[in-house]
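Here UniProt numbering is used: position 331 in the sequence shown is 331, and no number is missing along the way. Okay, so here's the structure we're looking at.
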Amino acid sequence: MRVAGRRYAPPEMGWSDSGKLLHRRDGQVGFEGNGQTLRLLTSLEAHTPGYGLDLARRTLLGVLKYPVAYSSVASRPVPRQVPLFSINWQMWKPPKCYLDTEVDWVSWILEPLSSKDREQFQSHTLPTAWEVTDSGATRTTGKHGKSHCKSLDCSVMDVADEIAYGVHDFEDGVALRLITRKDWEESVANECDVAWAESVEMPSINELSEMLFGEGSDASARRKRAIGSLVNALVALVEIRADDAFDCPLLNYRAVFLEEAKRFQSALQRVIQDRIIRTPSVQTLEYRDQINLLALFRAIESDPTSLLGGAFRRKAAEINDPNDYLRIICDYVSGMTYEYATKMFERLYVSRHGTVFDRL
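Rendered as structure tokens:
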């Protein structure tokens, strides 16, 4: 299932930075983290040359989170050369999709389905175009198209992701004192349906508040028990729903939250966004990493046959299409760990960092 893909999920630099690899002069290549996961599993991993990990269709279907190609849903801003520090990063978020380089793989994954199921499964909204004035200013912001469907396996993993990122990011925020009792009571507890809480044997709001924010030598253990109760409550309100739009059961069923759980989970996500993700202490680091990542990409693009490492350099020496160069650079940069990318950036741009004896 998608668990196989999570181990290889790119980029190590952070999911929030994946869209910055999309910021190209031509805007034709594109990059998206979920799409890169499929590319890793089918092409880049060295287990079976030309076939990646050589996984079964069912496993890859569970990795195909957004069954639409980049070129089908991408709305590209009109490229303009601007200074690195003046880039509007919000304009360059990628669509949720798979990459055009994996079109043949997706065709193979979906081959056993009926033609009706294949067409319906890959349906999507159409992207809207960007409009600019004669001076180059943006008049109308374009929007990416969005896929309509996903497989049963992907819907199960989506629910698991929402629980993990919602509840456990909330736990981290409480432990680090970024989220307070007041935040919990005003933004989250008010969204808790009492009847639902009782039906899943969740402690009362007052009990949860004390378990989450109480002091004492056993505060950490009590907080863990409270988090366990929240996870159990959300899992208990997941159901499998039939769509009846497909012939194949793997496409006809989806795991979804019931309304009470969805409302509570959404409240958790909002407080995480407000108190953790959108804070200056986090956003300043994200902005810095975006700048560094794009600077690293531009440097390698200027001379890929010299600056690419190992097998990527050998691949670059064998191609002539400029877009293929960009794809190889995306593969290389997205596979870097945070530490390695930082070291590479410093070696290229910061004086007195790196020697000829350093191993890269």
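The beta carbon of each residue, even a glycine, is placed where N, CA and C say it ideally should be.
{"Asked": "Range of the contiguous beta strand (DSSP E) that encloses Val-256", "Found": "253-257"}
{"Asked": "Check whether Val-238 and Ala-255 have beta carbons under 9 Å apart", "Found": "yes"}
{"Asked": "For Ala-195 and Ala-233, believed in contact at Cβ under 8 Å, the rounded distance", "Found": "Incorrect: roughly 12 Å between the Cβ atoms, too far for contact."}
{"Asked": "Contact between the region 122-129 and the region 47-62 (3+ Cβ pairs under 8 Å)", "Found": "no"}
{"Asked": "Bounding residues of the alpha helix (DSSP H) (the contiguous stretch that carries Val-282)", "Found": "280-302"}
{"Asked": "Rounded C-alpha distance that separates Trp-184 from Ser-209", "Found": "8 Å"}
{"Asked": "Anticipated Cβ contact below 8 Å, Leu-99 with Val-63, distance rounded", "Found": "Going by Cβ atoms, the distance from Leu-99 to Val-63 rounds to 13 Å, so no, they are not a contact pair."}
{"Asked": "Cutoff 7 Å; reference Ala-74; Cβ partners in own chain excluding five residues on either side", "Found": "Gly-30, Pro-95, Pro-127 and His-144"}
{"Asked": "Length at least 4, wholly inside the region 88-120: the alpha helix (DSSP H) runs in chain order", "Found": "103-110"}
{"Asked": "Pair within 9 Å by beta-carbon distance, Leu-326 and Leu-61", "Found": "no"}
{"Asked": "Selection from Ser-123, Cys-97 and Gln-90 that minimises the alpha carbon distance to Ala-245", "Found": "Ser-123"}
{"Asked": "Cutoff 9 Å: Glu-131 Cβ touching any chain B Cβ", "Found": "No chain B is part of this structure, which consists of one protein chain only."}
{"Asked": "Check whether Ile-272 and Tyr-253 have beta carbons under 9 Å apart", "Found": "no"}
{"Asked": "4-residue-minimum alpha helix (DSSP H) runs that sit fully inside the region 133-205, ordered along the chain", "Found": "152-163, 169-175 and 194-199"}
{"Asked": "Chain-order list of residues whose beta-carbon lies under 6 Å from that of Leu-38 (same chain, five-residue window excluded)", "Found": "Val-63, Tyr-98 and Glu-102"}
{"Asked": "Reference Arg-263; option with closest CA among Gly-216, Ser-187, Ala-221 and Arg-278", "Found": "Ser-187"}
{"Asked": "Cβ-Cβ distance between Leu-178 and Arg-275 below 9 Å", "Found": "yes"}
{"Asked": "Host beta strand (DSSP E) of Val-238 (start-end)", "Found": "238-242"}
{"Asked": "Nearest-angstrom Cα separation, counted from Cys-192 out to Arg-222", "Found": "20 Å"}
{"Asked": "Local Cβ density within 10 Å of Val-156, reported as buried at 16 or more and exposed below that", "Found": "buried"}
{"Asked": "Where Asp-321 falls, given that 16 or more other Cβ within 10 Å makes a residue buried", "Found": "exposed"}
{"Asked": "Distance CB(Leu-268)-CB(Val-167) smaller than 9 Å", "Found": "yes"}
{"Asked": "First and last residue of the uninterrupted alpha helix (DSSP H) at Gln-36", "Found": "33-39"}
{"Asked": "C-alpha gap between Trp-67 and Ser-114, whole angstroms", "Found": "Correcting the residue identity first, residue 67 is Pro in this sequence and not Trp. Between Pro-67 and Ser-114, the C-alpha separation is close to 16 Å."}
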